[in-house]
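See below for the structure under consideration.
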């Protein structure tokens, strides 16, 4: 098949969708398919000029030429268009596909309404996000098929007015996190003295709940000696640093900034547990990576996270914002190895969330639309 993927971001832009699409394309190519990436930021096959998005400067909005995309789709005899973001890139991909007469599938990766409070500004910004969400829904409802990463998120979308949404889990490159890697250089790089390490990796925004994690970690430190590593960048950075200083735990909390992709498996192997205290994640790819690497996955019981973690069986869940419960989990994890839990978690990730299984699921959608 010849597949065109449309996304506002692509590798090496540091976000989950960009990284997923990199692995997704690589696996499609390995299976013998042809893949064309259209993007506004990253090393795509077709990268369009773009302006920084005023609400979140990490992202760009492309200046699109739909006629050019239409020409590319015809010249390369593309079979199917798959849009991964609903903004200028996704819209242009949809319009061009309709003009050429080829099927369009759309994947909803993000709940923008839940993320809206991360946009620090006036109520007008939130109203703008609501308009974007409304536009997004109209675009996806015109696609031939719509998918979302989990059943929980799919059901939520349909309650919000989306037509039938097919739950289709994303995947990760499991082999990358199974390699026998040394993390000695990471210990030296970040001057880590404690043997017990906890890790957060992701955007530093309010919806991620990192402030809850820091407060829970403060409570846990009364019973354990540990280090909390916080990797990532975002608009909430200064407030998180100030919170850490105010709680007087700055010696035990290290902010890593942007983490290179090659350092992620090392950090995962080093860490006893990876925590995602978010209320907005529709899947939680970082938890899948943790489970693949042998680290314990801990997540808030929100969004798509409870579909990834079975509490007490493949990881641990706590109610979003429940600092006391999270602190108890951190202490409990420190005292036990949980070898069987980690083995179950790895088997589940390998079976359900490998990038190979993910691509096979999406190719099933593609073939269904092409019949």
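In the numbering used here, the protein residues as written are 104 to 474. Ideal placement from N, C-alpha and C gives every residue a C-beta, glycine not left out. Nothing here was measured: the structure is a model prediction, and the numbers come from that model.
| task | Note the first and the last residue of the continuous beta strand (DSSP E) segment covering residue 330. | result | For this step, residue 330 is matched to residue 227 along the chain shown. Per DSSP, residue 330 belongs to the beta strand (DSSP E) from 330-334.
| In chain order, which alpha helix (DSSP H) runs of at least 4 residues are fully inside the segment 314-369? | 340-349
| said: Buried or exposed for residue 343, going by 16 or more other Cβ atoms inside 10 Å? | reply: Within the chain shown, the letter at position 240 stands for residue 343. The residue in question, residue 343, is buried, as its Cβ has 16 or more Cβ neighbours within 10 Å.
| Among 189, 198, 250, which one has its Cα closest to the Cα of residue 464? | As a first step, residue 464 must be located in the chain shown, where it is residue number 361. Among 189, 198, 250, the Cα nearest to that of residue 464 belongs to 250.
| message | What does the Cβ neighbour count give for residue 61, buried or exposed, with the cut at 16 atoms within 10 Å? | response | Given that the chain is displayed from residue 104 to residue 474, the structure contains no residue 61 and the question cannot be resolved.
| Is there contact here, the segment 358-369 with the segment 326-346, by at least three beta-carbon pairs under 8 Å? | yes
| message | So, for residue 422: in the same chain, excluding its five sequence neighbours on each side, which residues have a beta-carbon less than 6 Å away from its beta-carbon? | response | Here residue 422 refers to the residue found at position 319 when the chain shown is read from its first residue. Excluding positions up to five away in sequence, the list reads 404.
| query | Under a three-way DSSP split, which group does residue 141 fall into? | reply | Taking the chain shown and counting its residues from 1, one reaches residue 141 at position 38. Strand at residue 141.
| message | What does the alpha-carbon distance come out to for the pair residue 447 and residue 284? | response | On the chain shown, position 344 is the one that residue 447 refers to. On the chain shown, position 181 is the one that residue 284 refers to. Taking the straight line from one Cα to the other gives about 22 Å.
| message | Rounding to the nearest angstrom, what Cα-Cα distance links residue 355 and residue 145 in this structure? | response | The residue given as residue 355 occupies position 252 in the chain shown. The residue given as residue 145 occupies position 42 in the chain shown. Their backbone Cα atoms lie some 35 Å apart in a straight line.
| task | Taking only the alpha-carbon atoms, compute the straight-line gap between residue 460 and residue 436 and give it to the nearest angstrom. | result | Here the question's residue 460 lines up with position 357 in the chain shown. Here the question's residue 436 lines up with position 333 in the chain shown. Roughly 30 Å between the two C-alpha positions.
| task | Within its chain, find whatever has a CB closer than 6 Å to the CB of residue 137; leave out the 5 residues flanking it on each side and keep chain order. | result | By one-based count along the chain shown, residue 137 stands at place 34. Closer than 6 Å at Cβ, skipping near neighbours: 105.
| field | Three-state secondary structure (DSSP) of residue 269 | value | By 1-based counting over the chain shown, the position of residue 269 is 166. Note: residue 269 maps to strand in three-state DSSP.
| said: Taking 8 Å as the limit between beta carbons, can you name the residues of its chain near residue 122, skipping five residues before and five after? | reply: Position 19 of the chain shown, counted from the first residue, corresponds to residue 122. Result list for residue 122: 114, 364, 388, in chain order.
| query | For residue 397 versus residue 456, is the C-beta distance shorter than 8 Å? | reply | In the chain shown, residue 397 corresponds to position 294, counting from 1. In the chain shown, residue 456 corresponds to position 353, counting from 1. No, the pair does not count as a contact, with Cβ atoms beyond the cut-off.
| said: In the DSSP output, what is residue 149 paired with across the bridge? | reply: Residue mapping note: residue 149 aligns to position 46 of the chain shown, counting from 1. Paired residue(s): 141.
| field | Between the CA atoms of residue 385 and residue 256 - distance to the nearest angstrom | value | Position 153 of the chain shown, counted from the start, is the residue given in the question as residue 256. Position 282 of the chain shown, counted from the start, is the residue given in the question as residue 385. Residue 256 and residue 385: Cα-Cα distance of roughly 6 Å.
| Coarse secondary structure for residue 452, derived from DSSP in three states | Here the question's residue 452 lines up with position 349 in the chain shown. Three-state result, residue 452: helix.
| message | Within 8 Å of any Cβ in chain E, is that where the Cβ of residue 213 sits? | response | Looking at the structure shown, chain E is missing, and only one protein chain is on hand.
| message | Rounded to the nearest angstrom, what separates residue 305 and residue 370 at their Cα positions? | response | Mapped onto the chain shown, residue 305 falls at position 202. Mapped onto the chain shown, residue 370 falls at position 267. In a straight line, the C-alpha of residue 305 is about 13 Å away from that of residue 370.
| Below 8 Å between beta carbons: does that hold for residue 393 and residue 383? | Here the question's residue 393 lines up with position 290 in the chain shown. Here the question's residue 383 lines up with position 280 in the chain shown. Not a contact, by the Cβ cut-off of 8 Å.
| Do you know how far the Cα of residue 367 is from the Cα of residue 417? | The residue given as residue 417 occupies position 314 in the chain shown. The residue given as residue 367 occupies position 264 in the chain shown. So the two alpha carbons sit approximately 21 Å from each other.
| field | Coarse secondary structure for residue 254, derived from DSSP in three states | value | Residue 254 sits at position 151 when you count from the first residue of the chain shown. It is helical.
| request: Consult DSSP for residue 111 and reduce its assignment to one of helix, strand or coil. | output: Against the chain shown, residue 111 aligns to sequence position 8. DSSP places residue 111 in strand when its eight states are reduced to three.
| Do the segment 275-291 and the segment 343-352 meet, that is, are 3 or more Cβ pairs less than 8 Å apart? | Contact between the segment 275-291 and the segment 343-352 is absent, because fewer than three Cβ pairs lie under 8 Å.
| field | Nearest candidate by alpha-carbon position, reference residue 296, set 167, 199, 357 | value | Taking the first residue of the chain shown as 1, we reach residue 296 at position 193. Ranking the options by Cα distance to residue 296, first place goes to 357.
| said: Once DSSP output is grouped into helix, strand and coil, what is the label at residue 192? | reply: Walking along the chain shown from the start, residue 192 turns up at place 89. Here residue 192 sits in helix by DSSP.
| To which residues does DSSP link residue 419 through a beta bridge? | Numbered from 1 along the chain shown, position 316 holds the residue referred to as residue 419. Residue 419 pairs with 401.
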